[in-house]
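K.L.:
The listed protein sequences correspond, in order, to chains E and S. Throughout the first sequence, residue numbering follows our numbering, covering 10 to 461 in sequence. Throughout the second sequence, residue numbering follows our numbering, covering 10 to 461 in sequence.
2 protein chains.
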Amino acid sequence: MEIIKPRTLSGFMELLPEKQLKFDKMVEILRRTYASYGFAPLDTPVIEDAQILLAKGGGETEKQIYRFTKGDSDLALRFDLTVPLAKYVALHYNELAFPFRRFQISKVYRGERAQRGRFREFYQADIDIIGDGKLDILNEAEIPAIIYKVFRGFGLSRFQIRVNNRKILNGFYAMLGLSGQSGDIMRTVDKLDKIGADKVKAILVEDIGLTEAQADEILKFIAIRGTNAQVLAALEGYTGREELFDQGLAELKAVTANLAAFGVPEGNFAVDLTIARGLDYYTGTVYETNLLDHPEIGSVCSGGRYDNLAGYYIEKQLPGVGISIGLTRLFYVLDEQGLLNPELPGAPADALVLPMTADPAPAIALAEQLRAGGIRVQLYCEQKKFKQKMAYADKLGVPFAVLLGEDEIAEGKCSVKNMKSGAQEKLTPAEAAAAIRKAVQEAENCAVILEK
Amino acid sequence: MEIIKPRTLSGFMELLPEKQLKFDKMVEILRRTYASYGFAPLDTPVIEDAQILLAKGGGETEKQIYRFTKGDSDLALRFDLTVPLAKYVALHYNELAFPFRRFQISKVYRGERAQRGRFREFYQADIDIIGDGKLDILNEAEIPAIIYKVFRGFGLSRFQIRVNNRKILNGFYAMLGLSGQSGDIMRTVDKLDKIGADKVKAILVEDIGLTEAQADEILKFIAIRGTNAQVLAALEGYTGREELFDQGLAELKAVTANLAAFGVPEGNFAVDLTIARGLDYYTGTVYETNLLDHPEIGSVCSGGRYDNLAGYYIEKQLPGVGISIGLTRLFYVLDEQGLLNPELPGAPADALVLPMTADPAPAIALAEQLRAGGIRVQLYCEQKKFKQKMAYADKLGVPFAVLLGEDEIAEGKCSVKNMKSGAQEKLTPAEAAAAIRKAVQEAENCAVILEK
Chain E
10 MEIIKPRTLS
20 GFMELLPEKQ
30 LKFDKMVEIL
40 RRTYASYGFA
50 PLDTPVIEDA
60 QILLAKGGGE
70 TEKQIYRFTK
80 GDSDLALRFD
90 LTVPLAKYVA
100 LHYNELAFPF
110 RRFQISKVYR
120 GERAQRGRFR
130 EFYQADIDII
140 GDGKLDILNE
150 AEIPAIIYKV
160 FRGFGLSRFQ
170 IRVNNRKILN
180 GFYAMLGLSG
190 QSGDIMRTVD
200 KLDKIGADKV
210 KAILVEDIGL
220 TEAQADEILK
230 FIAIRGTNAQ
240 VLAALEGYTG
250 REELFDQGLA
260 ELKAVTANLA
270 AFGVPEGNFA
280 VDLTIARGLD
290 YYTGTVYETN
300 LLDHPEIGSV
310 CSGGRYDNLA
320 GYYIEKQLPG
330 VGISIGLTRL
340 FYVLDEQGLL
350 NPELPGAPAD
360 ALVLPMTADP
370 APAIALAEQL
380 RAGGIRVQLY
390 CEQKKFKQKM
400 AYADKLGVPF
410 AVLLGEDEIA
420 EGKCSVKNMK
430 SGAQEKLTPA
440 EAAAAIRKAV
450 QEAENCAVIL
460 EK
Chain S
10 MEIIKPRTLS
20 GFMELLPEKQ
30 LKFDKMVEIL
40 RRTYASYGFA
50 PLDTPVIEDA
60 QILLAKGGGE
70 TEKQIYRFTK
80 GDSDLALRFD
90 LTVPLAKYVA
100 LHYNELAFPF
110 RRFQISKVYR
120 GERAQRGRFR
130 EFYQADIDII
140 GDGKLDILNE
150 AEIPAIIYKV
160 FRGFGLSRFQ
170 IRVNNRKILN
180 GFYAMLGLSG
190 QSGDIMRTVD
200 KLDKIGADKV
210 KAILVEDIGL
220 TEAQADEILK
230 FIAIRGTNAQ
240 VLAALEGYTG
250 REELFDQGLA
260 ELKAVTANLA
270 AFGVPEGNFA
280 VDLTIARGLD
290 YYTGTVYETN
300 LLDHPEIGSV
310 CSGGRYDNLA
320 GYYIEKQLPG
330 VGISIGLTRL
340 FYVLDEQGLL
350 NPELPGAPAD
360 ALVLPMTADP
370 APAIALAEQL
380 RAGGIRVQLY
390 CEQKKFKQKM
400 AYADKLGVPF
410 AVLLGEDEIA
420 EGKCSVKNMK
430 SGAQEKLTPA
440 EAAAAIRKAV
450 QEAENCAVIL
460 EK
């Protein structure tokens, strides 16, 4: 037979079992956390009608999309989870209860230029709350609580949720008579972290055509720093001049007012006037999230409030608020930087049962008893020498090997070997299941992400 | 804005939240059961190099596949999970421990003619055990235990795992001097349930060219019925004439020998000589699974032993055994026939917290307390009249509404309303969480599939 060299396409993540188990653990934490806030799971097709997916059209999206025909159909793979959500909500408008809260953790596709750490197939983990006509600001206030729970769930405490409101920015630019340039200004200010204040000013003046005074006003504004209370107090000084600004400030205060009730510590939350989010899409609160010890990773969870989710598909005003975590990239970077906790279980089984007798029946029954005790058990089925069996247990990385020979069978026990310490003891099946379960649960409860 | 009518492509399942929760419950049961037997999760890309995916080439596959180019790349969407597994095992051969056990529950794509109950995007839930050079028969014996646990996990008891061995069939046809026609014969015999014995005989004689005597021998053979012990005893009468047959019988006996140790009741298992599985791929044990009260659904879990998983990609003999559940189709049929249990929770939250005061802080804090108590809680954030709030709770289908007004706050309690019975009582947050958790767990433990 002619051999075709196997390969996985570049830009597509394919993990070995140990890594996959850790990835799946992150997905599980996301699912559990999102579900605990009453979000319904959603699973839309990977393939959609290209006309529908590209209703908004234009720009980078069109170039990156995987689009093809099958028969007469013009098809495309989803490039995010928001457009399919818009389609879903418009299509099922009459069947859904609004506010409609959904989470979706699914793969999306972008045929970008292949590049280290960039993926063409990657998971997004999104939540959105969609209102029918109106959506209370309290929904925007709840989002930081969910972000907080997710990253605490990953085992982190050193992260910061940075929040701003687009109405404050747009209102402020209106005060300066710069409403027409607000998009350009925001995109420039967004680069502050990367290029510094001097270069931002240069672009504002030279490229966008602001006066020196206007540019200085903007830099002074976005330089407002301090505790949340201090920043909000400084913003009070700008009120009474522009309605949009005042509205934005009222919303920002509403978002920060109940942090304590939501259980979000001040230290994990910051009002940050430099956050704008490049997309025109957002109209109110915007969110970014940074790992304090790893600013180089950039925002690991972003989103915001928008006013018109599905205008391309339905004549209804459907405002919403949502966030997205680029899970594949996050996992890749964490792994590359050695931040995945090696203590987290990476073996496909908690115990490997090794039959030491000709008749496998007692070992089979033991494995079933251990499974009934709540642990993951692989029965070793091959006829090999003891040394080879133990080498397999080692390569698999199972924390426990459970040996069952004539002696153990006669005593109604099994020999449980801790593969790490080498310690071995004879236990009844019930004792063995309890001991292994305890050790595994301790390991399962450890942080996914290491905080050094 | 011009409106584009939203639609989901035909042949693509997209569920409303209530159904999605039930679907996800089945996925969770599959994941948990597969993991409990030491299978590692795997998540391969949806898109693969078309040359690699179609290494085997030919036939229906090539016609049905979604194949397209992007830049210079000839790409295709996976049409099953076995070919990607073969690629994965060949690619990562040196990094994997053999036997390699993996499960994958993922979507696959087949551009079939659209037809009621046929899907172009559907989930397969597969397990496979891959050996390096050899794989002990005990692995084949373990498979029925896993199938049994999965369907018991779904809440069923009236199902039957039907098992045969291709070596018995091939050996038997060799005895009749019909080795050359064995493929045609098996494909014909496979239709026995659908077309009956007379038509099978007619095809064997008229189309395949067997003598009347040969056809009668075959019909007599596949008519062997009875308990597992009776069928095995009848097969003993054919031994000593053909080595392949004897080997197959020895394997079949090994597969049935340890059923009790594996915890599989006789009533859920049957040696069935009519099972052949059409694919040439299988070489030993073959499996099908039927719901006894719904034979019309056909096999809901099938698979078998094969000798050469990855011969297209690597010069290694990699035998394996695996099964596959076509989950999307199974779910569709169960739903259509009304077999999904309506008692299974279908709401995205266990409780809806309704703030009854102007300040939302107490309700926010209550919702967080309830979540910490292990239940899924949606905080109702909108400013609406009480009647509208309750109408929303009804439409959402939440089992409990939790009301928090001035009176409750003063007492340190909340009012928990059972939405089904209408009963309402004042409880502390801890009592409320415990009461709701208890009710929800009872509902969660009910069977996914109804057995009437």
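By construction, the Cβ of each residue, glycine as well, lies at the ideal position given by its N, Cα and C atoms.
Taking 8 Å as the CB-CB limit, is LEU343/S close to chain E?
P.N.:
no
K.L.:
Going by DSSP, what residue range makes up the beta strand (DSSP E) through PRO364/E?
P.N.:
360–364
K.L.:
Starting from ARG111/S, follow the beta strand (DSSP E) in both directions and report where the run begins and ends.
P.N.:
For ARG111/S, the enclosing beta strand (DSSP E) starts and ends at 109–118.
K.L.:
Among residues of its own chain, excluding the 5 on either side of SER19/S, which ones have a beta-carbon nearer than 6 Å to its beta-carbon?
P.N.:
ALA123
K.L.:
For a cutoff of 8 Å on Cβ pairs, would you count TYR247/E as touching chain S?
P.N.:
No - not a single Cβ of chain S is within 8 Å of the one on TYR247/E.
K.L.:
Measuring CA to CA, which of GLU130/E, ASP141/E, ILE136/E is closest to GLY320/E?
P.N.:
Answer by Cα proximity: ASP141/E.
K.L.:
Between which two residues does the alpha helix (DSSP H) carrying LEU258/S extend?
P.N.:
252–266
K.L.:
Please confirm whether ILE373/E has its beta-carbon closer than 8 Å to some beta-carbon of chain S.
P.N.:
yes
K.L.:
Can you tell me which residues form a DSSP beta bridge with THR17/S?
P.N.:
None; THR17/S has no bridge partner.
K.L.:
CB-CB under 6 Å to LEU51/S, same chain, minus the five flanking residues each way: which ones, in chain order?
P.N.:
ARG111, GLN113
K.L.:
Using a Cβ-Cβ distance cut-off of 8 Å, determine whether THR53/S contacts chain E.
P.N.:
yes
K.L.:
If we call anything under 8 Å between Cβ atoms a contact, is VAL330/E one with GLY355/E?
P.N.:
No, these two residues do not count as a Cβ contact at 8 Å.
K.L.:
If we define contact as Cβ-Cβ less than 8 Å, is PRO429/S a contact residue for chain E?
P.N.:
Sequence check: residue 429/S is Lys here, not Pro. LYS429/S has a beta carbon lying at 8 Å or more from every beta carbon in chain E.
K.L.:
Would you tell me roughly how many angstroms separate the C-alpha atoms of GLU440/S and GLY382/S, rounded to the nearest one?
P.N.:
Near 10 Å, if we compare the C-alpha coordinates of GLY382/S and GLU440/S.
K.L.:
At least one CB of chain E closer than 8 Å to the CB of SER166/S: is that the case?
P.N.:
no
K.L.:
Quick one: what's got a C-beta closer than 6 Å to ILE284/E's C-beta in the same chain, skipping five residues either side?
P.N.:
Close CB contacts of ILE284/E within its chain, under the 6 Å cut and outside five residues either way in sequence, are with ARG171, ASN173, VAL295, GLU297 (chain order).
K.L.:
Buried or exposed, going by whether 16 or more other CB atoms sit within 10 Å of the CB of PRO351/S?
P.N.:
exposed
K.L.:
Which residues in chain E sit within 8 Å of ALA64/S, going by Cβ to Cβ distance?
P.N.:
ILE13
K.L.:
Flag this pair as touching only if the region 38–45 of chain E and the region 157–170 of chain E have three or more C-beta atom pairs under 8 Å; answer yes or no.
P.N.:
yes
K.L.:
Can you pull the chain E residues whose beta carbon is under 9 Å from the beta carbon of PHE131/S, in chain order?
P.N.:
Result: empty, since nearest Cβ-Cβ is about 10 Å, beyond 9 Å.
K.L.:
Can a CB atom of chain E be found closer than 8 Å to the CB of CYS310/S?
P.N.:
no
K.L.:
So, helix, strand or coil for LYS158/E, using DSSP?
P.N.:
Here DSSP, grouped into helix, strand and coil, assigns LYS158/E to helix.
K.L.:
What three-state label does DSSP hand GLY142/E in the structure shown?
P.N.:
coil
K.L.:
Mark ILE204/S as exposed unless 16 or more other C-beta atoms lie within 10 angstroms of its C-beta, in which case mark it buried.
P.N.:
Exposed.
K.L.:
Quick one: list the residues of chain E neighbouring ASP89/S, beta-carbon separation under 8 Å, in chain order.
P.N.:
Residues of chain E passing the Cβ test: none, with the nearest at roughly 16 Å.
K.L.:
For ILE61/S, go through chain E and note every residue whose CB falls closer than 8 Å to its CB, in chain order.
P.N.:
ILE13, PRO15, ARG16
K.L.:
Can you find a CB in chain S that lies within less than 8 Å of the CB of LEU388/E?
P.N.:
yes
K.L.:
For the region 108–121 of chain S, which residues have a beta carbon sitting closer than 8 Å to at least one beta carbon of chain E?
P.N.:
PRO108, ARG110, ARG111, LYS116, TYR118, GLY120
K.L.:
Who are the Cβ neighbours of ALA444/S in its own chain at under 7 Å, not counting the five residues just before and after it?
P.N.:
VAL425, LEU436
K.L.:
State buried or exposed for ILE12/S, treating a residue as buried only when at least 16 other CB atoms are found within 10 Å of its CB.
P.N.:
exposed
K.L.:
Pull up the distance between the alpha-carbon of LYS79/S and that of THR17/E, whole angstroms please.
P.N.:
15 Å
K.L.:
How many angstroms separate the CA atom of ARG250/E from the CA atom of ASP33/E?
P.N.:
So the alpha carbons of these two residues sit roughly 51 Å apart.
K.L.:
Rounded to whole angstroms, what is the Cα-Cα separation between VAL55/E and GLU57/S?
P.N.:
15 Å
K.L.:
Can you give the beta carbon distance from LEU84/S to SER115/S, rounded, assuming they're within the 8 Å contact cut?
P.N.:
Going by Cβ atoms, the distance from LEU84/S to SER115/S rounds to 17 Å, so no, they are not a contact pair.
K.L.:
Does the distance from the C-beta atom of ASN148/E to that of ILE155/E stay below 8 Å?
P.N.:
no
K.L.:
Apply the 10 Å Cβ neighbour rule to ASN454/S and answer buried if 16 or more other Cβ atoms are within range, or exposed otherwise.
P.N.:
exposed
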